[in-house]
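Residue numbers (the working numbering): 4 to 336.
Think of the CB as a built atom: it goes at the ideal place given N, C-alpha and C, for glycine as much as any other residue.
Keep in mind it's a predicted model, so treat the numbers as computed, not measured.
Now the structure itself:
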């Protein structure tokens with residue numbers, strides 16, 4: 004029987020989020036999984052209270068205390084403390100659909116995949132579904148590595164066989180504050196060179212205003228470039244085989260999402276923009292001719308076209324207008 008270790012990093016997470024996260028496992032057969040909660044240097048009183056809260060759950064649960072080192076440092080500690088052959092990384096303010104986890108566990112038993120991708124939903128703090136992301140078709144399918152790459156933006160969106168992580172001698176703790184998930188998931192996929200999918204919406208991503216991706220820490224703007232450098236350096240041979248896919252992901256995450264983060268943090272900074280485009284032109288000289296760019300740019304709206312064209316002034320103006328209208332509507336609601 005395949006067994007699953009669920010690694011949950013915690014850093015002063017608000018109690019109602021953490022409780023919803025852990026409670027999503029309460030009605031699942033406890034013989035099939037364990038939870039490893041990693042306290043990543045939370046406040047002293049928090050860590051003490053955490054120990055008391057965890058005893059309220061009947062399943063196998065381990066608590067690891069460590070000095071603060073960031074999310075992937077906590078994940079690495081949880082991975083080391085886990086005891087089963089499969090691992091699922093779950094953020095402490097997110098949760099899983101308990102009705103679907105048994106189906107996922109049965110799938111691991113039947114097919115023994117190296118990596119198992121699944122779908123996810125974005126929900127608000129009340130559980131209302133904001134977005135449904137059906138990346139993978141119904142049923143169990145083998146995944147084309149090309150498709151896996153362009154959907155490898157988070158460690159939380161797949162279950163990994165532990166030996167496929169340990170076999171590459173890769174420490175997922177790379178001290179990146181932006182892009183660490185993307186780098187780790189890509190490196191594991193490229194190294195494993197094998198993946199499958201199960202078309203169920205297992206993961207519930209809770210969208211809240213205080214998440215690190217919405218409020219990136221100071222000095223982290225260029226971390227997304229370093230994340231891609233890490234992928235290219237670690238998987239040099241595989242990176243050559245899947246260059247188009249990696250190039251597209253760099254366009255999307257550096258020039259696309261990276262531009263939005265930069266505008267929020269630095270305004271219409273010519274220096275940051277210069278760094279982004281200089282890096283792209285040096286690393287991927289033909290990126291403007293990327294086949295995925297021509298196929299997929301329409302999926303992201305007008306803002307994406309302005310971002311990749313370097314029209315940050317227009318993009319900034321449009322975002323300010325949108326945010327102003329949104330604020331006005333919220334006030335009058």
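Collapsed DSSP secondary structure at residue i in the structure displayed
| i | result |
| --- | --- |
| residue 305 | helix |
| residue 27 | coil |
| residue 60 | coil |
| residue 12 | strand |
| residue 109 | helix |
| residue 1 | For residue 1 there is no data in the structure shown, the boundaries of the chain being 4 and 336. |
| residue 236 | helix |
| residue 37 | strand |
| residue 89 | strand |
| residue 171 | coil |
| residue 179 | coil |
| residue 114 | helix |
| residue 129 | coil |
| residue 314 | coil |
Cβ-Cβ separation, residue j to residue i (assumed contact under 8 Å), whole Å
| i | j | result |
| --- | --- | --- |
| residue 208 | residue 259 | With a Cβ gap of about 19 Å, residue 208 and residue 259 do not count as contacting. |
| residue 124 | residue 134 | 7 Å |
| residue 155 | residue 192 | 5 Å |
| residue 12 | residue 84 | About 12 Å; that fails the 8 Å criterion. |
| residue 247 | residue 196 | With 8 Å as the limit, residue 247 and residue 196 do not qualify as a contact, their Cβ atoms being about 17 Å apart. |
| residue 42 | residue 69 | 7 Å |
| residue 165 | residue 98 | In fact, because the Cβ distance is near 22 Å, the residues do not count as touching under 8 Å. |
C-alpha gap between residue i and residue j, whole angstroms
| i | j | result |
| --- | --- | --- |
| residue 33 | residue 319 | 50 Å |
| residue 145 | residue 316 | 43 Å |
| residue 301 | residue 250 | 17 Å |
| residue 130 | residue 201 | 23 Å |
| residue 128 | residue 288 | 42 Å |
| residue 295 | residue 149 | 11 Å |
| residue 279 | residue 268 | 15 Å |
| residue 20 | residue 261 | 28 Å |
| residue 256 | residue 17 | 29 Å |
| residue 313 | residue 210 | 28 Å |
| residue 236 | residue 328 | 44 Å |
| residue 234 | residue 103 | 32 Å |
| residue 61 | residue 38 | 11 Å |
| residue 189 | residue 48 | 37 Å |
| residue 310 | residue 75 | 29 Å |
| residue 321 | residue 263 | 12 Å |
| residue 93 | residue 159 | 6 Å |
| residue 25 | residue 230 | 30 Å |
| residue 253 | residue 283 | 8 Å |
| residue 206 | residue 50 | 26 Å |
| residue 308 | residue 266 | 15 Å |
| residue 167 | residue 325 | 44 Å |
| residue 58 | residue 105 | 23 Å |
Terminal residues of the beta strand (DSSP E) in which residue i lies
| i | result |
| --- | --- |
| residue 275 | Per DSSP, residue 275 belongs to no beta strand (DSSP E); it is in the alpha helix (DSSP H), 273-286. |
| residue 161 | 161-164 |
| residue 241 | Premise fails: residue 241 lies in the alpha helix (DSSP H), 239-244, not in any beta strand (DSSP E). |
| residue 201 | 199-209 |
| residue 295 | Unbroken run through residue 295 is the alpha helix (DSSP H), 294-299; no beta strand (DSSP E). |
| residue 118 | 118-126 |
| residue 135 | 132-136 |
| residue 144 | 143-145 |
Residue i: first and last residue of the uninterrupted alpha helix (DSSP H) it sits in
| i | result |
| --- | --- |
| residue 45 | Where residue 45 is concerned, there is no enclosing alpha helix (DSSP H), given that its DSSP letter is neither H nor E. |
| residue 257 | Careful: residue 257 lies outside any alpha helix (DSSP H) and carries neither H nor E. |
| residue 192 | 183-195 |
| residue 150 | 148-153 |
| residue 225 | Where residue 225 is concerned, there is no enclosing alpha helix (DSSP H), given that its DSSP letter is neither H nor E. |
| residue 158 | Neither: residue 158 is in no alpha helix (DSSP H) and is coded neither H nor E. |
| residue 2 | Absent from the structure is residue 2, since the part of the chain shown begins at 4 and ends at 336. |
Burial state of residue i, where buried means 16 or more other Cβ atoms lie within 10 Å
| i | result |
| --- | --- |
| residue 3 | For residue 3 there is no data in the structure shown, the boundaries of the chain being 4 and 336. |
| residue 10 | buried |
| residue 305 | exposed |
| residue 53 | buried |
| residue 335 | exposed |
| residue 224 | buried |
| residue 169 | exposed |
| residue 137 | exposed |
| residue 323 | exposed |
| residue 71 | exposed |
| residue 161 | buried |
| residue 79 | buried |
| residue 81 | buried |
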